[in-house]
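Just so you know, the sequence shown maps onto residues 738 to 962 in the working numbering. Some notes on the structure that comes next.
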Amino acid sequence: MLSSVPLIQGVLFDLDGTLVDSAPDLGGALNELCLRYQRTPLSPAHYRLFVSQGARGLLQAGFDIQPGDLFYEELRDEFLALYEARLSRESRLFDPIPALLQALEEQHVPWGIVTNKVARFTQPLVNQLGLFPSHGCLISGDTCAHPKPWPDPLLAAARRLQLDPAHLIYVGDDERDMNAAQAAGMGGVIAGWGYLAPGSCPIDEWPACAHLQHPAEVLDLLPTH
């Protein structure tokens, strides 16, 4: 139950690990980079743990390197170029997502996407997957000055949907998603079908209003239309 949300009038979603299973292409790009530098590729089970953390997390997993380290920026740029070349080669919507989005459309519930993935990748990816909402919004990681866990992107989405943040929920699979939702005054909903990378605290301590196991359960949180 979302007792702290007065009346849900719209739904915002994270992209990677919530709407789209993009791990095969993100992990595939990382493994291409690993082979280029004669490092051992990661198994899908391994790299899926870091997909929600983007290039930073994947490079940490594959190369034990992080922002500020020598050659980090060069490796990051190589990784992003490899990923761009295979953006939707294997990435797909999670199986129940099309039915969920269709139901939101039919019930005239505004919805949108808020992701830390920059527009260079989000715009072609949502187009290739036929994902762009017909009456919603797309907020990329470089749309605002500060990405999640700052609340700025979620507040920008609320403005575009012309809804009070208090009447929105944000569905995501990362601790940053829940922190951003809390900071924006929205109800955070954990996408239990996503990647759920371990964060700074256990998942059951994330500041969320609900933890769902199936995308269709999002509809149970909405008032009757």
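Quick reminder that beta carbons are idealized off the backbone N, C-alpha and C, glycines included.
In the three-state reduction of the DSSP assignment, D758 falls in the strand class, which pools E and B. DSSP, reduced to helix, strand and coil, places F831 outside both helices and strands of the structure shown, so it counts as coil. Judged by DSSP secondary structure, V863 falls within the alpha helix (DSSP H) whose first and last residues are 856-865.
By the CB criterion at 9 Å, L862 and V757 fall inside the cutoff. Between N853 and P890, the C-beta spacing is below 9 Å. Where V908 is concerned, the enclosing beta strand (DSSP E) starts and stops at 905-909.
Taking A893 as reference, the option from P944, C881, A918 with the minimal CA-CA separation is C881.
Residue burial is scored here from C-beta neighbours: T859 has at least 16 other C-beta atoms within 10 angstroms and is therefore classed as buried. Per DSSP, A894 is one residue of the alpha helix (DSSP H) stretching across 889-898. Straight-line measurement puts the Cα of A822 at about 23 Å from the Cα of V851.
R776 has its alpha-carbon roughly 31 Å from the corresponding atom of S877. The alpha-carbon separation between Y784 and A934 amounts to approximately 10 Å.
In the pairwise beta carbon analysis, the segment 812-819 is classified as touching the segment 793-804: at least three pairs are separated by under 8 Å. The beta carbon of V788 lies closer than 8 Å to those of D753, G754, S759, A760, L763, G764, G794, L795, Y932, A934 in the same chain, with the five residues before and after it left out.
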